[in-house]
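Read through the structure below, which is laid out as structure tokens, and then see the notes.
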Amino acid sequence: MMNSIEQLARYNYSYEGEAIGAAIAIIVIVIFLAIAAILAQIFLGLAVYHDAKSKGNSSSGMWGVLTGVFGWIPAIIYLCVRNSSSQRIIQCTTCGFAIPASAPGCPNCNHANPFAQQFYGPFVEQSKKRAKGFLIAAICCYAALILLIIAIVVIVAIFAGNYYYYY
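If you read the sequence shown in this note's numbering, its first letter stands for residue 2, the second for the next number, and so on.
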């Protein structure tokens, strides 16, 4: 019995190894957090760029860069104004009837609308698919961000539970 108490008294457990392990884990998670945040911004900017391009917006590059740099605020503003160019009312070049700019033709005289070409076509569909893919990638990156933040909180909580604080 005395041997075990003496052994216990000589045994000096140190949390330094655990502290170093937790610090390395947190540093690695923070690096992945930074990478995921940068990728999320890039993917969101590319999604807005391709969506603006598919809608025939002449400022698609501006919206992509603003969203890539500043994040969700320009993306939300873009969502509010993105259909404004396709809903713009123009006059038919033949009969003068008021039609939306995105209408393929005049309902009054059946004349083709030359301004509607930017709203239809194979490149528009390709841009829509790219926008959807980049938006899904951005959402996945934001989900990874949330999971990494939760991982940091869990690691810190578990590691902090190993210490006893005396006042």
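Yeah, the Cβ is synthetic: ideal placement off N, Cα and C, and Gly gets one too. Bear in mind that the values here come from a model prediction, so they are computed numbers and not experimental data.
> If you draw a straight line from the alpha carbon of Pro105 to that of Ala113, how long is it in whole angstroms?
Replying inline: 6 Å
> Considering only C-alpha positions, which residue in the set Trp73, Ile151, Val154, Val125 is nearest to Ala139?
Replying inline: Trp73
>> Going by DSSP, what residue range makes up the alpha helix (DSSP H) through Ala99?
In response: Not the alpha helix (DSSP H): Ala99 falls in the beta strand (DSSP E), residues 99-101.
>> Given this structure, state the Cα-to-Cα distance separating Ile153 from Ile25, to the nearest angstrom.
In response: 11 Å
> Are Ser55 and Ala132 closer than 8 Å when you measure CB to CB?
Replying inline: yes
>> I need the boundaries of the alpha helix (DSSP H) containing Ser59, first residue and last residue.
In response: No alpha helix (DSSP H) holds Ser59; DSSP gives it neither H nor E.
> Apart from the five residues on each side of it in sequence, which residues of its chain come closer than 6 Å, Cβ to Cβ, to Tyr50?
Replying inline: Ser61, Gly65
> Starting from Gly134 and walking both ways along the alpha helix (DSSP H), at which residues does that stretch end?
Replying inline: 123-161
> Straight-line CA distance for Pro75 to Ala35?
Replying inline: 21 Å
> Hey, would you say Cys107 sits closer than 8 Å to Ile100, going by beta carbons?
Replying inline: yes
>> Tell me the rounded alpha-carbon separation between Ala37 and Phe135.
In response: 14 Å
> In or out: Leu80 buried (at least 16 other Cβ within 10 Å) or exposed?
Replying inline: exposed
>> I need the straight-line Cα distance from Tyr157 to Cys142, nearest angstrom please.
In response: Per the sequence shown, residue 157 should be read as Val rather than Tyr. Looking at the two C-alpha atoms, the distance is approximately 23 Å.
> If we call anything under 8 Å between Cβ atoms a contact, is Ala41 one with Leu146?
Replying inline: yes
>> Just verifying my parser: in three-state terms, what is the DSSP assignment at Gly106?
In response: strand
> alpha helix (DSSP H) containing Ala76: first to last residue?
Replying inline: 73-82
>> Please return the same chain residues whose Cβ sits closer than 6 Å to the Cβ of Leu67, not counting the five positions on each side in sequence.
In response: Pro75
>> Please classify Gly57 as buried or exposed, where buried requires at least 16 other C-beta atoms within 10 Å of its C-beta.
In response: buried
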